[in-house]
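If you're matching them up, the sequences are chains A and B in order.
Residue numbers for the first sequence, in the numbering used here: 29 to 264.
Residue numbers for the second sequence, in the numbering used here: 49 to 395.
No residue lacks a Cβ here, since even glycine has one placed at the ideal position from N, Cα and C.
Working notes, beginning with the structure itself.
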Amino acid sequence: MAANNIVAEQCSSSGDDGQGLVGRALRIAVPKGSLYRDSVALLADSGLDTSGLDDPKRQLVFINQGVEFYILRPTDVPVMCAWGGVDCAICGKDSLLEADLGLVELADLAFGACRFVVAEPEGAGQRVDERYRNRGVLRVATKYPNITAEHYRKQGVQIEIIKMHGNIELAPLVGMADRIVDITATGSTLRENHLVIVDEVVASTARFVGNPASVRIDPRVHALAKRLTKSVRREG
Amino acid sequence: MSEARTARGFRDILPTEALSRERVCAHVQEVFSSWGYVPVETPTLELASALEAAGPLDHSSFKLFDSDGELLVLRPDVTLPIARLVGTRMVDYQLPLRLRYRQTVFREARGWRGQARAFTQIGVEHIGSDAASADIEILLMLDEALQQSGLADYAIAFCSVSPLRCLLGRCCEQGQVGGDWEHAVLAACHDNDLVAVDGLSRSPGVEVAYGNALRALVRLNGGAEAVEQARAIMSGIGGDHDLLLLERSFAEVSQKRPQTRFIIDFSVMSSFDYYTGLVLAAYAPGLGIPLASGGRYDHTLAQFGLAAPAAGFALHLERIIDTLSQDVPGGAVCPSGLQQAAPGGGG
């Protein structure tokens, strides 16, 4: 770990008092789950003091030298950042799109790559088309109602959305929905449940984001974005 | 009892808060008045077709039909209604016009996020001058209003949209990209999605030098040196005159208000796409959304019948009150017990 962390370095170079304009440590939200390990590694690589984050147990807040980390579910990151509860965050593009809260996306961190896809049961294509012809509307199960609605709106296809919170694959298997919109990294869960991809919606990777206020008035946010981008390039 | 409630995002205001709102309003209006601004009022409900003269309405506006079958809209902002008012009823007045207002605006918002759907805006419109002095007047008055409202800690970020528009124009002239690409870049800027801007800057048909300039420009943030950097980025591309104006504005407001933190930030693009020059936003630490926002809109009034340049801004009263009462998320302080309980932390 770099002895001089980025926060101190940035503040001395900008003639600040070590706490930035906001007069406190920089607050960063870190998503738990599949993006967590890569996020922590990248933050450490960019020179931040990430002590304690490698094994957080049940602790949600880590107050380190010049920086505070808040650990929360990826889908909750955008709203916390938008309210100003944290200055900046690492968050998947999927959660950002779904939340649509106007956070400033500063850098593509390249990890956590996945795709939003439309899938249906193997061999169901004709049946789905027929249902759409007869009913004039498709039933689509998803964890991401906003992204799904936007995708089908652009395609001019009318749908009814069934919001689920997990194991979306089940919906078409029991006949509750015609199709699903979900994220997939390798497609293996879909394959194992006999679903096939019929359309691509959008690709997602982890992003470094800030709320508009912090991005504009706190130089530490842009500085961290630069360091993270450099770390990503080194690894890439 | 359960039905005796207010609709989501609308609330009653009790005397203590109402008094502090009244006080802030009075101080701010006094500032505007001292600069020669006079009050106007516009109707709460507008004909949707009237406001659409300036472009399609945002989907976030509340709409309803009246008994005449007219589509009405609860005003989603004040600038367009004032442009309509001036263009239809104040054409004989001597320019420049200096107008001020305090009105509620209504915007639809999705549930479960704690967002209000009614906001009180206190603002000004300076109509009939595109002189640099008008931009400076707007910036100085915003600073004075924020100060008089009692805020101790805030920053005013501003820039001009002209260099970006100039750069995009050059990309289209010199490269193989067209209006769709330009529209996509502006949309990405409005969405604050700099990663999407990066992607678009590398589109086939965009000259590499211009692509580099675009990525650098939208990330520019700082003091007077940011204008210097913008000049280096835009060298050989254009926008010299706009950068000179920006530099002068920055120098003058910084000199007149040395205590205030003014920031040049080229990512300050409002969700309204009618701005043509100056764009500004004021922020308080810990509050993720702006205290005030505004800019120059030189082409909007023409759509309402009066070809005149204009600029203005609005303060968001509720956000100022929240900040004054330190009722902002980022201002919250972690319980001290939590700090001591951090075994790996503490540096």
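Asked	Found
I need the DSSP call for A101 (chain B), collapsed to helix, strand or coil.	helix
Between which two residues does the beta strand (DSSP E) carrying T168 (chain B) extend?	A166 to I175
Can you give the beta carbon distance from E126 (chain A) to I175 (chain A), rounded, assuming they're within the 8 Å contact cut?	6 Å
Let me confirm a value: V233 (chain B) is counted as buried when at least 16 other C-beta atoms fall within 10 Å, else exposed. Which label applies?	buried
Throw me the rounded Cβ distance for the V237 (chain A) and E133 (chain A) pair, which I believe falls under 8 Å.	5 Å
Tell me the rounded alpha-carbon separation between T54 (chain B) and A164 (chain B).	12 Å
Take F144 (chain A) as the anchor and find which of A:H250, A:E220, A:R207 and A:L76 has the nearest alpha-carbon.	A:R207
With DSSP as the reference, label R255 (chain A) as helix, strand or coil.	helix
Taking D313 (chain B) as part of the alpha helix (DSSP H), name the residues at either end of that continuous run.	Here D313 (chain B) belongs to no alpha helix (DSSP H); instead the beta strand (DSSP E) covers R309 to D313.
What residues of chain A sit near P338 (chain B), judged by a beta carbon separation below 8 Å?	P240 and A241
Within its chain, find whatever has a CB closer than 7 Å to the CB of A253 (chain A); leave out the 5 residues flanking it on each side and keep chain order.	L134, A135 and F236
Could you tell me which residues DSSP pairs with D227 (chain A) in its beta bridges?	A:V146
Leaving out the 5 sequence neighbours to the left and right, which residues in its chain are closer than 8 Å to G57 (chain B) when beta-carbon positions are compared?	A157, Q163, A164, R165 and A166
Identify whether Y160 (chain A) lies in helix, strand or coil by the three-state DSSP scheme.	helix
Indicate whether at least one CB of chain B lies closer than 7 Å to the CB of R167 (chain A).	no
Is there a C-beta anywhere in chain B that falls below 7 Å from the one on G140 (chain A)?	no
How would you list, in chain order, the residues of chain B whose beta-carbon sits under 7 Å from the beta-carbon of V107 (chain A)?	R161
K171 (chain A) lies in the alpha helix (DSSP H); which residues open and close that run?	First-last for K171 (chain A): undefined, no H or E at that position.
Can you pull the DSSP bridge partners for T405 (chain B)?	Since the displayed chain B opens at 49 and closes at 395, residue 405 (chain B) lies outside it and no answer follows.
Just to confirm before moving on: does the CB-CB distance between P144 (chain B) and T90 (chain B) stay below 7 Å?	no
Express the C-alpha separation of D115 (chain A) and V260 (chain A) in angstroms, rounding to a whole number.	21 Å
I need the DSSP call for S297 (chain B), collapsed to helix, strand or coil.	helix
Determine the direct distance from the alpha carbon of T257 (chain A) to that of I118 (chain A), and round the result to whole angstroms.	13 Å
Check whether the region 325–334 of chain B touches the region 216–223 of chain B, counting contact only when three or more Cβ pairs, one atom from each stretch, lie closer than 8 Å.	no
Pull up the distance between the alpha-carbon of G171 (chain B) and that of S249 (chain B), whole angstroms please.	36 Å
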